[in-house]
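Visitor:
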Amino acid sequence: MRKLVYGMNVTLDGYVAAAGDDIGWGGPPSDELFQWWLDQELAAGTSLYGRKLWEIMSSYWPTGDEQPDATPAQIEFARNWRDTPKVVFSSTLGEVGWNARLVTGDAVAEIERLKAGDGGPMKIGGATLAGAVMRAGLIDEYLVVTHPHLVGGGTPFFAALDSWVSLNLVETRTFPGGVVLTRYETRR
2 MRKLVYGMNV TLDGYVAAAG DDIGWGGPPS DELFQWWLDQ ELAAGTSLYG
52 RKLWEIMSSY WPTGDEQPDA TPAQIEFARN WRDTPKVVFS STLGEVGWNA
102 RLVTGDAVAE IERLKAGDGG PMKIGGATLA GAVMRAGLID EYLVVTHPHL
152 VGGGTPFFAA LDSWVSLNLV ETRTFPGGVV LTRYETRR
């Protein structure tokens, strides 16, 4: 069974986006944090996206390596992003590109099917999509990268759950600017 990892940048009060889908609170990541995210991307066999995160990622990363100020890590990230198979879950998009497949039906059922198959770990991005998968008990690992900002509301990282989920702490790490990674595995 394939491992499913959910990780995003989060404010100290638990939001991936402030009101109005504003993600500007994080600013550009430090080189060390960007390299860490690149390492996570390189380890994934498949990326799963909700519509909003897909629109953000696909608006920049297909040509991110062509930007005049792109760092070597950003160039590698862009190339890996294009090459990694992606599944986009949306009932409103008509098509997707960049090595991606669109799923308009039941996201939880499709992710259960993908988990049961062969291949490397899958990473899921997008809080709404991850929330449905979290409630279904399909997430194996959580990567919470907490930034020292309070935004007071917006899109939460964690979904409202029907029952408790117990986690084991696997790792903590501090990055420049007071950013803290906390990695948890789901206790089964």
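Here the sequence shown is numbered in the working numbering, starting from 2 and rising by one per residue.
Positions of the beta carbon are idealized from the N, C-alpha and C atoms, including for glycine.
The model shown is predicted, which means the values in this text are computed figures rather than measured ones.
Which runs of the alpha helix (DSSP H), 4 residues or longer, sit entirely within the segment 30-118?
Guide: 32-44, 52-61, 73-84 and 108-117, all fully within the segment 30-118.
Visitor: Can you tell me whether Asp163 is helix, strand or coil according to DSSP?
Guide: Coil, per DSSP.
Visitor: Closest to Asp84 by C-alpha separation, out of Ala128, Val180, Asp66 and Pro177, would be which residue?
Guide: Checked all of Ala128, Val180, Asp66 and Pro177; the closest Cα to Asp84 is Asp66.
Visitor: Consult DSSP for Leu139 and reduce its assignment to one of helix, strand or coil.
Guide: If DSSP states are grouped into helix, strand and coil, Leu139 belongs with coil.
Visitor: Does the segment 111-124 touch the segment 136-147, meaning 3 or more C-beta pairs lie closer than 8 Å?
Guide: Taking 8 Å as the limit for Cβ pairs, the verdict is that the segment 111-124 does touch the segment 136-147.
Visitor: Pull up the CB-CB distance for Met2 and Ala108, whole angstroms please, since I reckon it's below 8 Å.
Guide: About 18 Å separates the two Cβ atoms, so there is no contact after all.
Visitor: Output the distance between the C-alpha atoms of Pro177 and Leu168, rounded to the nearest integer angstrom.
Guide: Pro177 and Leu168: Cα-Cα distance of roughly 26 Å.
Visitor: So, are the CB atoms of Val88 and Thr129 less than 8 Å apart?
Guide: No, Cβ-Cβ distance for Val88 and Thr129 is not below 8 Å.
Visitor: Is the beta carbon of Tyr7 less than 8 Å from the beta carbon of Pro157?
Guide: No, Cβ-Cβ distance for Tyr7 and Pro157 is not below 8 Å.
Visitor: Whole-angstrom Cβ separation of Ala19 and Gly155, contact assumed at under 8 Å?
Guide: With a Cβ gap of about 4 Å, Ala19 and Gly155 count as contacting.
Visitor: If you compare alpha carbons, which of Arg174, Arg188, Val146 and Leu103 is closest to Val166?
Guide: Among Arg174, Arg188, Val146 and Leu103, the Cα nearest to that of Val166 is on Arg188.
Visitor: Which residues does DSSP list as the beta-bridge partners of Ile24?
Guide: The partner list for Ile24 (beta bridge, DSSP) is empty, contrary to what the question assumes.
Visitor: Does DSSP put Val153 in a helix, in a strand, or in coil?
Guide: Looking at the sequence shown, residue 153 is not Val but Gly. In the structure shown, Gly153 sits in coil (DSSP, three-state: anything other than H, G, I, E or B).
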